Every structure is written in C-alpha cells, then in structure tokens.
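Have a look at the structure below before the remarks.
Laid out in structure tokens, this is it:
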C-alpha cells in the first residue's frame, strides 16, 4: 500500500516531502518523491512515528498493577487512540506477589496483541527499591532494599519483559544490584536522595537513566549537584521528563533539553485517572484525588499525571522545544531505552508501520497501526 504526498519525519530529525509503502504491516521503501501510481493521498499532512510511553501506570480507571487483563487492554485501546502505539507500563511499589501478577498480565498482552490496542513492548519496575525520603506517591509500606534475586525471578517469570528497573543508588546493596541488573535491562536512578558521588557511582556501575528528572530527587544546588548534576555529565545517560505542565515548570523543561541534549525521554507517568473525570481514584492502596487536571494524594502532594504522552509532547512544543526534538523524545529515544528501536520508534524500512498523521502543529488527524487506520 502506498501513502503519498506527506511530510515524513526522518531519523535525522527532519521532515521530508515524499511517500512511503506499507507491506505486511511494516514500512517498505521511503521515497522523497510522489509517485504517479494510485495510493492514499495524505494531502501534504505530516507523518510521525507512533509515540512510545515507557513510563505510565494507567488510564481509563485501569492500572497495570491491578493485574487485570481486561483493564490492561482498555489502557492499550485508549493509548492507541491518542497516538501512543507502543508502551512499557510501570508497576508501583507493591509486594512481590502483586508485582508478579502484574508482570504476568503484561506478558499476556504482549503475546496476544489485540487489534486496535497499543503494543506492550516491555514494562518498567518502578519500585520497591527506593529511598523513603523521596518515595513521592509510592507506598512506604512496601519499600525494600535492592534485591537482585527477587528482581531476577520477576524478570525471568515474565520472559524478560522488564525493560527498565528503578533503584535509589545510595541504598545498601544498590551498586551490586546495578552491576547485575544492567546486564539485563536499563537501570534508572529514581526516587532517590543520592549525593552527587552516590549517583555517579550508580552510573559508573551501569545505570543509564534518571526516573522523571527533577521529581522525587534532590533539587540541583551549586554546591550539591546531586543526581541531576551527575547525570548531565554523562552522554550515555537518558533523563525521563514529565511534560504535563504540572510536574515541571516550562522554564525547567527548556533547561532540561539544554542540559540533556538529545537525551530527554518524554513520559506521561499517567495514573488510572488519566482520561477520567475529576474524582477519587486509587494508587497502590492510596487514595488519589483528581481535580482540574492535577492528581494529588490526601496530603496534597502531587501523585502521578493525568495527561497522555501525545499531549505531553505537544506541551513541550508549546513550551518552546523544537518540534523535531519533542517528537524524537517521544519516539526514538524511548524505543532505545527499552531496546526496541529495531522494531519501532522511527519511520524506516522494515519497522512496524505504526504512525500518526497530523497537521503541522501536531494536531492528530489519524492513527495507523501496522499500516491500518484505527
């Protein structure tokens, strides 16, 4: 099938006017011309890869940690509809048996891949290896010290689908955990009170990501640079960033993209209240209250987000981030963090034909998965 007359986003972070083929659900040849042959005329629209959210908990009143398959399908359907065609949902700080059920449910969705549902391409284990001082909305009752054997069992039981695991590097045993876990997946420093030296040690041990930069970690200080300073110095460390306009000020979003050039991974950190009306919801056994687009715990602290990744990407652009940088941070970069860039994350021959047709300002017009319109 030919799609022609569009401005196609390329891996070089440019838009090229041309056409592309889809064959058996994957991209075929990408052309910088518009063939005469019959095909779907996109009438000068813009085409970007389907977005990839590697850190979201839920939406539509469902959460990965529920361990409910129908709820996970509902999450995937919502995400696909807004242009997030692949996801790697995150668990919460919960008992190991609850996490095991959640990961098993995710593995089932990965195997079955229902039509019209975002592709589950991995999962993120967010907790329980966190510092209580920076637990954020995580449940302190279930915090644990880093335990590689416990992680490895969960990893093996779900067929290696845990693609990101989070840890506070200052905890006892964290260095050894990072050295071992980093051989299996991306290790992300998060929910941490680490000093610069402790964070640097974690990166030297193999950590290659920061969990939601600026949130649940010490603020950067000119004499105490902390995790942010240690991460910014390394060209091999990627920083997640929540761009819902609530968690991080627009000025800090602009700062982050300068501090981490081409190393920002946009995430939603969305909760089950995403896509839902104001009201009371649940998060890892805690009440969360959604009001005017902000999700808070009973004590008033901001919990996760209620915004999907596509809107986060558009927010970044509205905050002054170049469109091409924002798109890359929501497509290619997350694909690489879960080791799936050979399949998704860019419009290239042989990759899954998941893409969004939009206007120049990134307003969605249509979403395609495997070359078929949703």
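In our numbering, the protein residues as written are 1 to 374.
Note that CB positions come from ideal geometry on N, CA and C, so glycine has one too.
Predicted model only: the values in this text are computed from it and were never measured.
**Asked** With distances taken between CB atoms, is the gap from residue 203 to residue 177 smaller than 9 angstroms?
**Response** Not in contact: residue 203 and residue 177 (Cβ atoms no closer than 9 angstroms).
**Item:** Other residues of its chain near residue 370: CB distance less than 6 angstroms, five sequence neighbours each side excluded
**Value:** Cβ within range, chain order: 25, 353.
**Request:** Find the nearest neighbour of residue 16 within the set 373, 348, 119, judged by alpha-carbon distance.
**Result:** Of the candidates 373, 348, 119, the one whose C-alpha sits nearest the C-alpha of residue 16 is 348.
**Item:** For residue 325, three-class secondary structure by DSSP
**Value:** Per DSSP, reduced to three states, the secondary structure at residue 325 is helical.
**Request:** Alpha carbon to alpha carbon, how far is residue 36 from residue 124? Give it in angstroms, no decimals.
**Result:** Whole-angstrom Cα-Cα distance: 46 angstroms.
**Beta-bridge partners of residue 118, as assigned by DSSP** = Per DSSP, none; premise fails for residue 118.
**Item:** Alpha-carbon to alpha-carbon, residue 328 and residue 321
**Value:** Spanning the two alpha carbons is a distance of roughly 11 angstroms.
**Request:** Closer than 7 angstroms by C-beta to residue 259: which residues in its own chain qualify, once you throw out the five before and the five after it? Chain order, please.
**Result:** Excluding residues within five positions, the ones whose Cβ falls inside 7 angstroms are 232.
**Request:** Out of 351, 356, 335, point me to the one whose CA is closest to residue 88's CA.
**Result:** Comparing Cα positions, the closest option is 335.
**Item:** Closest Cα partner of residue 244 within the set 302, 234, 197
**Value:** Comparing Cα-Cα distances from residue 244 to each of 302, 234, 197, the minimum goes to 302.
**Minimum C-alpha distance to residue 129 - residue among 33, 270, 150, 100** = With distances taken between Cα atoms, residue 129 lies closest to 150.
**Where residue 226 falls, given that 16 or more other Cβ within 10 Å makes a residue buried** = With at least 16 other beta carbons inside 10 angstroms of its own, residue 226 counts as buried.
**Collapsed DSSP secondary structure at residue 378 in the structure displayed** = Examination of residue 378 is not possible in this model, given that the chain is present from 1 through 374 alone.
**Asked** In whole angstroms, what is the alpha-carbon distance linking residue 100 and residue 257?
**Response** Whole-angstrom Cα-Cα distance: 35 angstroms.
**Asked** Which of helix, strand or coil does DSSP assign to residue 81?
**Response** Helix.
**Cβ neighbours of residue 188 in the same chain (closer than 6 angstroms, five flanking residues each side left out)** = So the list reads 164, 166, 209, 211, once near-sequence residues are dropped.
**Request:** Note down the Cα distance separating residue 343 from residue 306, rounded to an integer number of angstroms.
**Result:** Rounded to whole angstroms, the gap between the alpha carbons of residue 343 and residue 306 is 28 angstroms.
**Item:** Contact set for residue 105: own chain, Cβ-Cβ below 6 angstroms, skip 5 residues either direction
**Value:** Cβ within range, chain order: 67, 69, 72.
**Prompt:** In terms of DSSP beta bridges, what is residue 368 paired with?
**Reply:** Its beta-bridge partners are 355, 373.
**Item:** Through-space distance from residue 219 to residue 107, alpha-carbon basis
**Value:** C-alpha of residue 107 to C-alpha of residue 219: approximately 36 angstroms in a straight line.
**Prompt:** Among 98, 48, 10, 46, which has the Cα closest to the Cα of residue 64?
**Reply:** It is 98.
**Message:** Excluding the 5 residues flanking residue 180 on each side, which residues of the same chain have their C-beta closer than 7 angstroms to its C-beta?
**Reply:** These residues qualify, in order along the chain: 148.
**Request:** Return yes when the Cβ of residue 367 is within less than 9 angstroms of the Cβ of residue 46, no when it is not.
**Result:** For residue 46 and residue 367, no; Cβs fall outside 9 angstroms.
**Request:** Could you pull out every unbroken beta strand (DSSP E) segment of at least 3 residues lying fully inside the segment 146-170, listed in chain order?
**Result:** As far as the segment 146-170 is concerned, its whole beta strand (DSSP E) runs of at least 3 residues are 162-167.
**Prompt:** So residue 155 packs on residue 109, CB below 8 angstroms; how close in whole Å?
**Reply:** The C-beta distance from residue 155 to residue 109 rounds to 17 angstroms, too long to meet the 8 angstroms contact threshold.
**Element boundaries [alpha helix (DSSP H), containing residue 227]** = Bounds of the alpha helix (DSSP H) holding residue 227 are 226-232.
**Message:** So, under 8 angstroms CB-CB, residue 74 and residue 90 are touching, yes? Tell me the CB distance rounded to an integer number of Å.
**Reply:** About 17 angstroms separates the Cβ atoms of residue 74 and residue 90, ruling out a contact at the 8 angstroms cut-off.
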